[in-house]
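Engineer:
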Amino acid sequence: MKKFYSNKLAIFFFTLPALLVFSVMVFYPITQVFVKSFYDWNGLGSGTFIGFENYVKLFKDTVFKLSNKNALIFSLFITIFQITLATVFSLVVSDKRTKGRNILRVSYFIPVVLSVTVVCQLWLAILNSDSGLLNQLFKAVGLDYQQNWLSDRNHAIYVIAFVNAWQWMGYQFALMMAGIKAIPNDYYEAAKIDGASSFMAHRKVTIPLLKETYKICLTISLTGGVKAFTEMFIMTKGGPGNATHTLTYLMYKAAFREFRYGYGMASASILVLQCIAIILIINWLFRDKEKKEGK
Amino acid sequence: MKRFLALGLSLVLTMSLLVGCSNKTEETTTAETTETTTETTTETTTDSAETEEALPEGVLSLEEATLRIYAQYSDDDTKVPYDYAVEQLAIAYPNVKLELEVQAQDDGQKLMTYAATGNLPDIFQVALAQIENFKESGNIMALNDVAKSTGFEDKVFESAKNILYNEDGNIYAFPYAGNEYVVWYYNKAIFEQYGVAVPTTYDELLAAAETFKANDIVPMAIFGAEGWITAAMYDVLATRWDAGGIAKLDDGKGTADEEAYVKAAEMMHTLVNAGLFQESATTSNYDQASAMFLNGEAAMFLNGQWFMTDATATLGENVDWMYYPSYDAASYEAGKAVWSGGGAAAGYAVNPNSEHATLAAEVAAFISEKYCEAKVMYRGTPLVALDVDAEPETEFPAMMEKLQSILPEITSITKFDWHLTNGTFKTTLEDQTKYMLVKDYTAEEFITELGNSLAQ
Amino acid sequence: MSNRKKISFGKAVFALFCWFYAAISIYPVIWLLFYSFKNNSEIFVTNPFGIPTTLHVENYAKAWSQYNVPMYFLNSLIVSVATVVLTIAFALLFSYATSRMRFKGRFIMTIYLSLGMFIPVQAILIPVAKTVNSLGLDTTRWGLILVYTAINLSFATLVYYGSLKGLPVELEEAACIDGANIVTCFLKIIVPLVKPATATLVIYIFLNAWNEFILANVLVVKDELKTLPLGILFLQGAFTTDWGAMGATMVIASLPTILLYVIFSKKVEDAMTIGGAVKG
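Here you go:
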């Protein structure tokens, strides 16, 4: 077996295509991001090397701090929202006794199929302070809870995180469905013979077996939160003011609107480093148990 | 076996589709064009050899080329002038073909990438900030000679010379828009209905807002999703205290903590908290806010003077503009000559590395001139860069006549947000003035952030 | 008794919640359809949520006349399908190697490839465009396809890695003892086993490529290679936008994918089940 898995030729040919395409099209550009973060550069021409000056400025920038705080809020919010709902819904839909499970399954995934633009326009309309559905609903019910959902400097970030979480929950749901489907039936049968209730069966069998799926989901939502951009860009333009800025937004603004490309790249570099840290932590958290299972 | 065959077949098919569509079409089209071009060149060379001095009536050049042009082309304000220019180009430059690529609303990402990859179109529309950026990297052509040879320079209005020359004295773009103005529109019918007089001071403005609000009318609609209009609002206020407005800060001649800017920020804060703007102001886009005004749901509206045509088309007699209100009667009167708005040396630029750079420059000048004509003839605005010999198709709106009549009295204008040259100040100003639309955002915070951006 | 009642009441509330959430998830489709038949004033002021009062069919006519819809559609289809095929193939091969085979640096390799997930495309826009340009791919479809593939690889390898890690090694060991070589083992055992993951990935990658705007805007330099999301360029102005026509282009772009998904979701489900059956 060991011989089988250390076939050098196979390793080479199996990894080559992915590595090649990735290195040329993504990794090389990423190295450029890091290189240019040390330059005073407007995006064109050659620029001048200024060492860590961009980073020094960045760490002093109040928007940088705010962006990090927003990233944290955003990541945690979407992670909790998506993983909880995706778990619940995937268990419900995969339960053969649930009525209309096909309809439910298709529905939960629909927001993923739509483009971000459509979803953002929809929520912009729903959350509009004057004519929005949500405020009208509160009005109709007689509740005095009308809000400026997207222009509250302290809470707008949560609202935007919600829109993102809502749209992409369907994808985590699909991943979990795939994970559940891949669990061999005999595991359940064994649990059933033991007389476990369905809730217990899930807790003891399904969820532990979905560990790899959870790892993926966690990686997606945490890193997705850190680099969030599109929703802010369409719905609030990072606003009100800079209340919903993220590192990506900061980068975009610096590079394309202020022509401070080098500064923007410093922000992007920090972003990449943060994401690497996150993935290492996730790997570390999930590693111990993996070893136990393997042997 | 069958499956393999099917798989192989489909693979081959997709491959050929992929390759075929990209390369083959290219080949055939280029083949076609070269064929036709060779034909026409032989013709034109003999032609021009014979009739060197006497080009047919209205023809400026028989030189022949296909030029790539990157321009805005999405609404009447951009399509009408472009289509007109292309029509006229066919007469003056019968052998020049334009290949239009529609400009994306992407903060210049595409243009920047084009410049970075050496793929710039022959002719492209640029904003002032981009010119500064392109200048340093040799991506924009100095058009001084062509501006002379085509007579473009002479046609520019004396009052609009400021929008022809860059700070360094060169011409980098052929402008078509003249000096433009931020106009404070109001709905006369609504004002009359509720017995409100046109406000001249902020106190009157606040009182008017109260009346409108009590009657479920939004006092003033603003498209706060766009930074330029909130910046313009702030500029309107700031110019009441200091005629320099945001332009003075942009030029580095003032600081954010000067009295004028602090007072203006405080006033904006007061107005916002008095409910001058609609609740959804921060997320309203242009179409939302203008619909409010045009539907008669909002009594006032801030926009450029180019909105006059559309406003008159919908509201007819009921729409008019007022002088900006001020902090007291004296400054109101004095402020009648001080406006927010302006122009900048931006417009159609040319790629210096273009194969047909000189021709492209001539064509760019030609197109800009035709834009001016089209804007006068079909878009109801005489505020263009060039003194063109064109009569409006229909009369200018009454509001425009009124504005035109007072133009000589205007002594000072500032800048539109998109004409600011300090990129960091510009984006901060946009974000921060938008932030001012939030009720609990204070003037102190605003001034601090603005100051920081100027210190960069 | 009362306990049981409590449980069934709780169950009813829970079921209601599940269905309510499903309804909110479908609502955007209906909303978008309505939207595409309205004019600006109806969309923003008079009637943002209801059924359009007059059907502005001209929105579709306008969207259709602005750009070559069938051509853009075909381009999107080719680019998306090619991206899916390449990404799936490359990612599965790679993940199989890193999750099963023994060699130095496989952990580093997986981290390396996952970098693509972390970088916002705007940051690499210009270097990517330069690369594509210098490889001479800027006037072909390959530019877009290869960049999309590279970006989606990160995510796809992550999913495949996870799903391979979750599979018991015993199945392959049995085949290995039978004397199968690694390629046969891969095709006969692994490919069917990861079908559930493949099914979800295919959908996800396809949608990513289908809806992508930022890279397409910058990388496609020829009109005849443009993809559907770029259609909105023709309707979005510096100041004003024709939102109804925008809605129509969005319907033109999304409706086929929604229909395809609804029709084929059963097939996707089956694909997942077969994966389970092989194992059992």
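Protein chains in written order, with the numbering used here: chain A, 1 to 295; chain B, 296 to 751; chain C, 752 to 1031. Beta carbons: idealized from backbone N, C-alpha and C, even for Gly.
1. Measure the beta-carbon distance from residue 788 (chain C) to residue 807 (chain C) and round it to whole angstroms, keeping in mind my assumption that it falls under 8 Å.
2. Listed in chain order, which residues of the stretch 352-378 of chain B have Cβ atoms closer than 8 Å to some Cβ of chain C?
3. Which residue marks the beginning of the alpha helix (DSSP H) containing residue 535 (chain B), and which one marks its end?
4. Do you know offhand how far residue 712 (chain B)'s Cα is from residue 831 (chain C)'s?
5. Residues of chain A with a CB under 7 Å from the CB of residue 902 (chain C): which are they?
6. Taking any Cβ of chain A, which residues in the stretch 394-419 of chain B have a Cβ under 7 Å from it, in chain order?
7. Does the stretch 218-233 of chain A come within contact of the stretch 719-726 of chain B, defined as at least 3 CB pairs closer than 8 Å?
8. Would you list the residues sitting across from residue 406 (chain B) in a DSSP beta bridge?
9. Here's a check: name, in chain order, each residue in its chain whose Cβ is nearer than 6 Å to the Cβ of residue 932 (chain C), leaving out the five neighbours to either side.
10. Where does residue 701 (chain B) sit, in a helix, a strand or coil, going by DSSP?
11. Whose CA, out of C:866, C:765, C:916 and C:783, lies closest to the CA of residue 30 (chain A)?
12. Can you tell me which of A:227, A:262 and A:257 puts its alpha carbon nearest to the alpha carbon of residue 247 (chain A)?
13. Throw me the rounded Cβ distance for the residue 428 (chain B) and residue 259 (chain A) pair, which I believe falls under 8 Å.
14. Candidates C:908, C:913, C:774 and C:790: which alpha carbon is nearest residue 211 (chain A)'s?
15. By the three-class DSSP mapping on this structure, what secondary structure does residue 859 (chain C) have?
16. So what's residue 392 (chain B) in DSSP terms, helix, strand or just coil?
17. Rounded to whole angstroms, what's the CA-CA distance from residue 732 (chain B) to residue 695 (chain B)? Just pull it up for me.
18. Roughly how many angstroms separate the alpha carbons of residue 579 (chain B) and residue 185 (chain A), rounded to a whole number?
19. Under the three-state reduction of DSSP, which class applies to residue 852 (chain C): helix, strand or coil?
20. Mind checking the stretch 562-584 of chain B against chain C and listing, in chain order, the residues whose C-beta falls within less than 7 Å of any C-beta there?
21. Opposite residue 49 (chain A) in the DSSP bridges: which residues?
22. When DSSP builds the beta bridges, which residues end up paired with residue 479 (chain B)?
23. Name the DSSP beta bridge partners of residue 992 (chain C), please?
24. So if I threshold CB-CB distances at 7 Å, which residues from the stretch 699-730 of chain B count as touching chain C?
25. May I ask which residues mark the beginning and end of the beta strand (DSSP E) holding residue 642 (chain B)?
26. List the DSSP bridge partners of residue 572 (chain B).
27. Assuming contact is defined by CB atoms lying nearer than 9 Å, are residue 614 (chain B) and residue 482 (chain B) in contact in what I supplied?
28. Would you give the residue range spanned by the beta strand (DSSP E) that residue 361 (chain B) belongs to?
29. Are the CB atoms of residue 635 (chain B) and residue 742 (chain B) within a distance shorter than 9 Å?
30. For residue 773 (chain C) and residue 103 (chain A), which I take to be in contact (beta-carbon distance under 8 Å), what is that distance rounded to the nearest angstrom?
31. Compare the C-beta of residue 954 (chain C) with all C-beta atoms of chain A and state if any pair is closer than 9 Å.
32. What three-state label does DSSP hand residue 831 (chain C) in the structure shown?
33. Which residues, taken in chain order from the stretch 865-888 of chain C, show a beta carbon closer than 7 Å to some beta carbon of chain A?
34. Determine the DSSP secondary structure at residue 707 (chain B), reduced to helix, strand or coil.
35. Is the beta carbon of residue 472 (chain B) closer than 9 Å to that of residue 642 (chain B)?
36. If residue 956 (chain C) sits next to residue 834 (chain C), beta carbons under 8 Å apart, how far is it from one beta carbon to the other, in whole angstroms?
Structural biologist: Considering the structure as presented:
1. 5 Å
2. 367, 368, 369, 370, 372 and 373
3. 522-536
4. 40 Å
5. 26
6. 402, 403, 404, 407, 410 and 411
7. no
8. DSSP lists no partner for residue 406 (chain B).
9. none
10. Here DSSP, grouped into helix, strand and coil, assigns residue 701 (chain B) to helix.
11. For the options C:866, C:765, C:916 and C:783, the alpha carbon positioned closest to that of residue 30 (chain A) is the one of C:866.
12. A:227
13. Right, their Cβ atoms sit about 5 Å apart.
14. C:913
15. Residue state, collapsed to three classes: helix.
16. strand
17. 30 Å
18. Rounded to whole angstroms, residue 579 (chain B) and residue 185 (chain A) show a C-alpha spacing of 54 Å.
19. If DSSP states are grouped into helix, strand and coil, residue 852 (chain C) belongs with coil.
20. 581, 582 and 583
21. A:39
22. B:597 and B:617
23. C:987
24. Hits within the stretch: zero.
25. Where residue 642 (chain B) is concerned, the enclosing beta strand (DSSP E) stretches over 642-645.
26. B:515
27. yes
28. Looking at the DSSP string, the run of the beta strand (DSSP E) that includes residue 361 (chain B) is 360-366.
29. no
30. Indeed they touch by this definition, with Cβ atoms about 7 Å apart.
31. yes
32. helix
33. Cβ contacts with chain A come from 865, 866, 867, 868, 869, 870, 871, 873, 874, 875, 877, 878, 879 and 882.
34. Shown here, residue 707 (chain B) sits in a strand according to DSSP, grouped into three states.
35. In contact: residue 642 (chain B) and residue 472 (chain B) (Cβ atoms closer than 9 Å).
36. 6 Å
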